[in-house]
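To start, the structure under review is shown below, and the notes come after it.
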Amino acid sequence: MDFRELRTFDVVATFMNFNRAAEVLHCTQSTVSAQIKSLEEDLGGLLFERLGRRIVLTAAGQDLHRHTRRMLGYEQEIRASVKKLGDTLGLISVRAPQSVSDFHLPRILQRFCPAYPRVGFDISDCGYYQLPDELRSGAIDAAFLLTMGIESADLISSVVLTEPLAYVASPSSELAHRSNLGLEDLAGQTLLVAKHDCAYRMELDRAIKGARVELSAVIELNSLAAVIHCLRGGLGLALLPKRAVAHEIEAGLLKQLDWHEPATSKLFLIRHRDKPLTMAFGAFISTVEKYFAEERASLDAPDTRACALSMADPVQMS
1 MDFRELRTFD VVATFMNFNR AAEVLHCTQS TVSAQIKSLE EDLGGLLFER LGRRIVLTAA
61 GQDLHRHTRR MLGYEQEIRA SVKKLGDTLG LISVRAPQSV SDFHLPRILQ RFCPAYPRVG
121 FDISDCGYYQ LPDELRSGAI DAAFLLTMGI ESADLISSVV LTEPLAYVAS PSSELAHRSN
181 LGLEDLAGQT LLVAKHDCAY RMELDRAIKG ARVELSAVIE LNSLAAVIHC LRGGLGLALL
241 PKRAVAHEIE AGLLKQLDWH EPATSKLFLI RHRDKPLTMA FGAFISTVEK YFAEERASLD
301 APDTRACALS MADPVQMS
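For the sequence shown, our numbering gives the first residue as 1, with consecutive numbering after it.
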């Protein structure tokens, strides 16, 4: 029995699927099967029962899964303690919307990195649907998500900021000179969306469908910068975090549309409840929380009494 086999077992037991575990672990399904077989032979008992195309944990497997979670956490603590790397070396993997990566994360890293100069970061775009699986498997350590609410029993989520959103377009747009706009005014318009800016975009899609508004077209772009360039060129309109376009609005390059209700989205910090808070990761979480506490204090409280994107229920993360 080794930690590699235990890590493989943990991923299979999390997803109850050998193929999905192989994708997460970046190996073949046969490699996963071989490691599970080796572990079962070493321990002298079956860990999974095969029921047709499904698998379920045996009683022994359930017990091992509980122990494995603790052992993998202890492994990280031992490595950090014995090698004294907890405060000097490591890699923190984070998913974040592009607007958060562009505005907030550079400021957070400027605070964190001088104290932990040998801690590296792997920061990637927000993949909403994959977030729960990636957090549970340990593929990522933490994530930021712009949405109205989250419900998941095994994830720790906290609202770090209420982010004002703005409907924006070119000053030459026909909507730029109208007041008290609503969803019905989007009829016949071209909507620009950033592919990797998380769940508030999904909420807008839901609101538009609920209002039965027929858009002319939806153009999905792979970056916020591309969306902003298209808007400046007079193509369509977009709903974006106001911070992301504050410079363009101030410079008169874009116009914030006069919307009849303020739009906001909550920014959540999310991590798995069983993720060990090593010295470096714990310090990063503390830095994030302190940064956003100062941000909240510096902002005037937005009017959240009404929101065009309000949802009846929080987002379910399963």
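Every residue, glycine too, gets a C-beta built ideally from N, C-alpha and C.
Given this structure, state the Cα-to-Cα distance separating residue i from residue j, to the nearest angstrom.
i    : j    : result
R111 : Y291 : 9 Å
L235 : R50  : 55 Å
L299 : D125 : 26 Å
S265 : L25  : 33 Å
E248 : I140 : 33 Å
R319 : E174 : Limits of the chain in this structure are 1 at one end and 318 at the other, which puts residue 319 out of reach.
A280 : R232 : 41 Å
I228 : A187 : 21 Å
A226 : A238 : 12 Å
M311 : G210 : Residue placement at M311 is poorly supported in this model, since its pLDDT is 33, which falls under 50; the coordinates are not used for a value here.
E295 : V100 : 13 Å
D42  : T68  : 15 Å
M71  : R4   : 12 Å
L131 : Y167 : 27 Å
Mind checking which residues open and close the alpha helix (DSSP H) that includes residue i?
i    : result
L237 : Note, L237: premise wrong, no alpha helix (DSSP H); beta strand (DSSP E) at 237-241.
H229 : 224-232
E220 : Segment 217-221 is the beta strand (DSSP E) holding E220; no alpha helix (DSSP H) there.
D375 : What is shown of the chain runs 1 to 318, which leaves residue 375 out entirely.
T287 : 279-298
H260 : Counting along the chain, H260 falls outside any alpha helix (DSSP H), and DSSP gives it neither H nor E.
A246 : 246-250
Which residue comes first and which comes last in the beta strand (DSSP E) that contains residue i?
i    : result
R54  : 54-57
R271 : 263-272
From the DSSP secondary-structure annotation, give me the bridge partner or partners of residue i.
i    : result
A194 : L221
S93  : D122
R50  : I55
S255 : It is worth fixing the name first, because residue 255 is Lys in this sequence and not Ser. DSSP output for K255 lists A169 as bridge partner(s).
Of all the alpha helix (DSSP H) runs that stay within the bounds of the stretch 2-48, which reach a length of 4 or more residues? 3-15, 18-25, 29-43
Taking only runs of the alpha helix (DSSP H) that begin and end inside the stretch 125-191, which ones reach a length of at least 4 residues, in chain order? 131-137
State whether the stretch 43-58 contacts the stretch 11-20, with contact taken as three or more CB pairs (one from each stretch) at a distance under 8 Å. yes
If you pair each beta-carbon of the stretch 262-281 with each one of the stretch 154-163, do three or more pairs fall below 8 Å? yes
Does the stretch 90-108 come within contact of the stretch 141-150, defined as at least 3 CB pairs closer than 8 Å? yes
When you compare the stretch 175-183 with the stretch 256-265, are there three or more beta-carbon pairs, one atom per stretch, that lie closer than 8 Å? yes
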